[in-house]
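J.:
Chains as they are written, first to last, in my numbering: chain G, 381 to 913; chain E, 129 to 486.
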């Protein structure tokens, strides 16, 4: 067997006390495509950051383990060192200059030049550009990737798919390129372009390059990969050959875990009446998490889980219902139509939301804990205001806000120095509790919670899940829990709906097997009547 | 032994607190404060009329305070420093001319002028806010240019406006407003003299100071109401605000209107105290000293408080008042204007370099 281009030996990385890579080893051989698959948070991007020597790695204490490139151990201090050593990266977001031509973009900063009188005096920086060779090199690179556009066309105005290919052409043109990394390259491409891209990847591998392919589109992996490494929670959980592997099997490996079955999920009597939420044909334009015609029913008093692989729209559903991203479709709340695209209407209808984007949407980082907890209720419910004639000009009841905050801090065990501490200073788990406290302060009858335990440590996870369970069992709150972690859905949900390509794929009981969940997430399990509800 | 061992630690602790306090006060404010004290020191040493200087300083603080305060709602609303202050100022000036033209005088005239100014500032502020929402991220530049454009546009208005009171229009030709209109006999220094009293030879412009204090209290109270909280929340995290059902486009317009209205009332109070209404290009550069005041007070582009307004106005206006007589005493020449420009624009530059800090 040939010597691998790239070997990783037991690579570890931790941010603060959070271990995100727990000893990852893999090898990429020349002429092969090595796919790395894993859910969000599995450690894929951290692994790439380590490989490329990104500043974020060094600033947080470096990494453990060894990286061996063509038999030589390397430790890159910056992305440019990595590139000089022959690593190329095709980015998710394009790094191209719109005003320059295709050829100029491909050869940027590596232009072939000719000496001229001025450069003989003043140095190489002033040599003239060899436009003919720029054109020829660019042409050759474009032909390799099978893109037929004129190399002198301006970049601006080209379709998005073409930009992706120009990006690849640039990496291909680098003469020392040994290993190309494709980071979710098909995320922005149309079906036919994606197929073309996969063909190009195979062609490049055939030329002897090594390719590291990061994706969560499993059908693509099966189509092109020679080897598959599955990451989960920073660990390699499986190495597979594409022969014999199925989408369902890989999905199972990505999300599967020893089943945790909640002890108290005996058959419970639900209050009945019209469902809390009846969603029909919901479409949500949330970039990366689009929903295309999702329908489901949330019964009063139940805990419904929304699961599915990243990018399939499970995250988009709650965001669309709450009016945070453009949505259309028919939604009934307690039998009455819910106005979409209007967050206030959703709150007024008795919904509350704990966002998956805690830092972006969930908190006001530079405000106090007490204000974070009270704010939405002040805005939407006119709570915590002193009496006054005009609602908008009523003064805040700082005593009431303080008392309520103290109560919540005690009830949810929020670790902080006091109600006046800024939320930025709290740990992730405690920030999440502040978000939950805020949602609870709204006194909703239905709570939508997305990724309740993302980025928080194990102990805090358990407490957050306990709290959700208590809200449902003791306060009778209806919950829609969206999560990438199947285990936590199984621990607290009555039913779990699996979303695939923006639609409902199956509704499963929490006791359903890993295999069934895997198949459903891969879109290969039809709506199962046996477990559905 | 124990006592000796504790002493250095205690000293280190005291040093740390001192450093903390220094940081709290801020180096620029410290330097300017020391400079101001030095100026007063020179004034005393050269036997100048200290009482007169303090009287003038107080007067200028009271006169300019509202215009500085007008910047506060804009910063709270996340619009940065409102260089578009002249938009509100022009509204106030139109109000002045309207009541003067009608020949009104005394308290009713002053009150009505302020009301008309505020009323005009509301639609102006809405339009300005609308524009700022369409040029997100460049509020300060857009404000500056819009201010310039409005002042220039109004210069044409002043020449064409249908005002006929012979006290206001040019004596020759009978058309077009004069550049400076006197308020003598109308409401000249009305607030300044209200309940004014001398203390140790310094006369206090009680009425104007009270108006400034009341306005500060009102602004402070406003930001403790639901509406004020809404504006601050939308500034702090627009996506959070949207999830709470707040439209940050609306809160930004509200903040702009509030700022513009304060500027309109502020210029009426200013004219009352100054005794003249200055038209044409006079409002062109009025935002800059106000901005400098606020920044010297310790505000940044994204954070400001009432303390910053008061402290900044005191420091900056006192320096302007004291520097002129003192420098002419010491170096036989007038560098006040130069010093003012250096301090004013230096402060603005300094604040812009610290953009994004909190």
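Yeah, the Cβ is synthetic: ideal placement off N, Cα and C, and Gly gets one too.
These numbers come from a predicted model, not from an experiment.
Going by C-alpha to C-alpha distance, which of E:363, E:354, E:356 and E:340 sits closest to residue 395 (chain E)?
T.: What you label residue 395 (chain E) is simply residue 267 of the second chain in a count that begins at 1. Answer by Cα proximity: E:340.
J.: Just to confirm my understanding: we take residue 522 (chain G), look at its own chain, exclude 5 residues before and 5 after, and list those with CB closer than 8 Å. What are they?
T.: As a working note, residue 522 (chain G) is residue 142 in the first chain. Answer for residue 522 (chain G): 482, 486, 528, 529, 531, 545, 546 and 549, listed in chain order.
J.: Could you name each continuous beta strand (DSSP E) segment of 3 residues or more that falls completely within the stretch 728-757 of chain G, going from the start of the chain to the end?
T.: As far as the stretch 728-757 of chain G is concerned, its whole beta strand (DSSP E) runs of at least 3 residues are 731-734.
J.: With a floor of 4 residues, list each alpha helix (DSSP H) that falls wholly inside the stretch 816-902 of chain G, ordered by position along the chain.
T.: Counting only runs of 4 or more, we get 838-855, 866-872 and 894-901.
J.: Using CA coordinates, which residue listed in E:371, E:446 and E:209 is at the minimum distance from residue 744 (chain G)?
T.: Counting from one through the first chain, the residue named residue 744 (chain G) turns up at place 364. It is E:371 whose Cα lies nearest to the Cα of residue 744 (chain G).
J.: At 4 residues or longer, and completely inside the stretch 753-799 of chain G: list those alpha helix (DSSP H) runs for me, N to C.
T.: Runs found: 778-792.
J.: Going by DSSP, what residues sit across from residue 494 (chain G) in a beta bridge?
T.: As a first step, residue 494 (chain G) is located in the first chain; it is residue number 114 there, counting from the start. In the DSSP output, where bridge partners are listed per residue, residue 494 (chain G) has G:508.
J.: What is the DSSP secondary structure of residue 292 (chain E), reduced to helix, strand or coil?
T.: Indexing the second chain from 1 puts residue 292 (chain E) at position 164. In this structure, residue 292 (chain E) counts as coil in the three-state DSSP scheme.
J.: Does chain G have any CB closer than 8 Å to the CB of residue 371 (chain E)?
T.: One-based indexing of the second chain puts residue 371 (chain E) at position 243. Residue 371 (chain E) counts as touching chain G.
J.: Considering only residues of the same chain and omitting the five flanking positions on each side of residue 815 (chain G), which have a CB-CB separation below 7 Å?
T.: Locating residue 815 (chain G) in the first chain gives position 435, where the first residue counts as 1. For residue 815 (chain G), where only same-chain residues beyond five positions count, the Cβ hits under 7 Å are 734, 738, 742 and 743.
J.: Which residues of chain E have a Cβ atom closer than 7 Å to the Cβ of residue 741 (chain G), listed in chain order?
T.: As a working note, residue 741 (chain G) is residue 361 in the first chain. Chain E residues near residue 741 (chain G): 367, 368 and 371.
J.: Since residue 823 (chain G) meets chain E, which of its residues come closer than 7 Å, beta carbon to beta carbon?
T.: As a first step, residue 823 (chain G) must be located in the first chain, where it is residue number 443. What residue 823 (chain G) touches in chain E: nothing, since even the nearest Cβ is about 15 Å away.
J.: Suppose the cutoff is 6 Å on Cβ atoms and the five residues either side in sequence are ignored; what does the same chain contact list for residue 426 (chain E) look like?
T.: Counting from 1 along the second chain, the entry for residue 426 (chain E) is found at position 298. Correct list, in chain order: 154, 157 and 436.
J.: Does residue 364 (chain E) get closer than 8 Å to chain G when you measure Cβ to Cβ?
T.: For the purposes of this step, residue 364 (chain E) is taken as the residue at position 236 of the second chain. Yes - at least one Cβ of chain G is within 8 Å of the one on residue 364 (chain E).
J.: Do we get a CB-CB distance below 8 Å when we pair residue 349 (chain E) with the residues of chain G?
T.: Numbered from 1 along the second chain, position 221 holds the residue referred to as residue 349 (chain E). Output row for residue 349 (chain E): interface = yes.
J.: Here's the rule: buried if 16 or more other CB atoms are within 10 angstroms of the residue's CB, otherwise exposed. What is residue 445 (chain E)?
T.: The residue given as residue 445 (chain E) occupies position 317 in the second chain. Counting Cβ neighbours within 10 Å, residue 445 (chain E) comes out buried, since at least 16 surround it.
J.: By Cβ distance, which residues of its chain are closer than 7 Å to residue 363 (chain E), with the 5 residues on each side in sequence left out?
T.: Taking the second chain and counting its residues from 1, the one referred to as residue 363 (chain E) is at position 235. So the qualifying residues of the chain are 204, 205 and 206.
J.: Can you tell me the Cβ-Cβ gap for residue 407 (chain E) and residue 238 (chain E), rounded? I've got them flagged as a contact below 8 Å.
T.: Start at 1 with the first residue of the second chain, and residue 407 (chain E) comes out as number 279. Start at 1 with the first residue of the second chain, and residue 238 (chain E) comes out as number 110. Between residue 238 (chain E) and residue 407 (chain E) the Cβ distance is about 18 Å, and since that is not below 8 Å, they are no contact.
J.: Does the distance from the CB of residue 607 (chain G) to the CB of residue 566 (chain G) come in under 8 Å?
T.: For this step, residue 607 (chain G) is matched to residue 227 along the first chain. For this step, residue 566 (chain G) is matched to residue 186 along the first chain. Going by C-beta atoms, residue 607 (chain G) is not nearer than 8 Å to residue 566 (chain G).
J.: For residue 542 (chain G), write down the residues that DSSP places opposite it in a beta bridge.
T.: Translated into positions along the first chain, residue 542 (chain G) becomes position 162. None; residue 542 (chain G) has no bridge partner.
J.: Taking the beta carbon of residue 258 (chain E) as the centre, do at least 16 other beta carbons fall within 10 Å, making it buried, or is it exposed?
T.: The sequence position of residue 258 (chain E) within the second chain is 130, counting from 1. Classification of residue 258 (chain E): exposed, given that the 10 Å Cβ count is below 16.
J.: If you run the structure through DSSP and keep just helix, strand and coil, what is residue 390 (chain G)?
T.: Mapped onto the first chain, residue 390 (chain G) falls at position 10. In the structure shown, residue 390 (chain G) sits in a strand (DSSP, three-state: E or B).
J.: State the start and end residues of the unbroken alpha helix (DSSP H) segment that holds residue 450 (chain E).
T.: To locate residue 450 (chain E), count along the second chain from 1; it is residue 322. First-last of the alpha helix (DSSP H) with residue 450 (chain E): 434-459.
J.: Once you ignore the five residues that flank residue 348 (chain E) on each side, which residues in its own chain have a CB closer than 6 Å to its CB?
T.: As a working mapping, residue 348 (chain E) is identified with position 220 in the second chain. The residues are 434.
J.: Could you check the C-alpha separation between residue 670 (chain G) and residue 707 (chain G) for me, to the nearest Å?
T.: By 1-based counting over the first chain, the position of residue 670 (chain G) is 290. By 1-based counting over the first chain, the position of residue 707 (chain G) is 327. Cα to Cα, residue 670 (chain G) sits roughly 10 Å from residue 707 (chain G).
J.: State yes or no: is the C-beta of residue 832 (chain G) within less than 8 Å of the C-beta of residue 848 (chain G)?
T.: Within the first chain, residue 832 (chain G) is the residue found at index 452, counting from 1. Within the first chain, residue 848 (chain G) is the residue found at index 468, counting from 1. Contact flag set, yes.
J.: Just tell me which of G:813, G:702, G:765 and G:402 has its CA closest to the CA of residue 916 (chain G).
T.: Since the first and last residues shown for chain G are 381 and 913, residue 916 (chain G) lies out of range.
J.: Taking only the alpha-carbon atoms, compute the straight-line gap between residue 245 (chain E) and residue 382 (chain E) and give it to the nearest angstrom.
T.: As a first step, residue 245 (chain E) is located in the second chain; it is residue number 117 there, counting from the start. As a first step, residue 382 (chain E) is located in the second chain; it is residue number 254 there, counting from the start. Between residue 245 (chain E) and residue 382 (chain E), the C-alpha separation is close to 17 Å.
J.: Under 8 Å, Cβ to Cβ, is there at least one residue of chain E near residue 772 (chain G)?
T.: Here residue 772 (chain G) refers to the residue found at position 392 of the first chain. Chain E contact via Cβ: present.
J.: The beta strand (DSSP E) with residue 428 (chain E) in it runs from where to where?
T.: The sequence position of residue 428 (chain E) within the second chain is 300, counting from 1. Segment: none, residue 428 (chain E) is in no beta strand (DSSP E) and carries neither H nor E.
J.: Please name the residue in G:444, G:382, G:780 and G:439 whose C-alpha comes closest to that of residue 450 (chain G).
T.: In the first chain, residue 450 (chain G) corresponds to position 70, counting from 1. If we check each option's Cα against that of residue 450 (chain G), G:382 comes out closest.
J.: Label residue 619 (chain G) either buried or exposed according to how many other C-beta atoms from any shown protein chain fall within 10 Å of its C-beta, with 16 as the threshold for buried.
T.: To locate residue 619 (chain G), count along the first chain from 1; it is residue 239. Answer is exposed; the Cβ neighbour count stays below 16.
J.: Tell me the start and end of each unbroken alpha helix (DSSP H) in the stretch 303-330 of chain E that is at least 4 residues and wholly inside, in chain order.
T.: 318-321, all fully within the stretch 303-330 of chain E.
J.: Return the first residue and the last residue of the beta strand (DSSP E) that residue 692 (chain G) is part of.
T.: In the first chain, the residue the question calls residue 692 (chain G) occupies position 312. Element bounds for residue 692 (chain G): n/a, residue is neither H nor E.
J.: Near residue 133 (chain E), which residues of its chain fall below 6 Å by C-beta distance, leaving aside the five closest residues on each side in sequence?
T.: Start at 1 with the first residue of the second chain, and residue 133 (chain E) comes out as number 5. With a pLDDT of only 44 at residue 133 (chain E), under 50, the local geometry of the prediction cannot be trusted, and the value read off the model is given with reservation. There are no such residues.
J.: Go ahead and label residue 874 (chain G) buried or exposed: buried means 16 or more other beta carbons lie within 10 angstroms of its beta carbon, across all protein chains shown.
T.: The sequence position of residue 874 (chain G) within the first chain is 494, counting from 1. Residue 874 (chain G) comes out buried.
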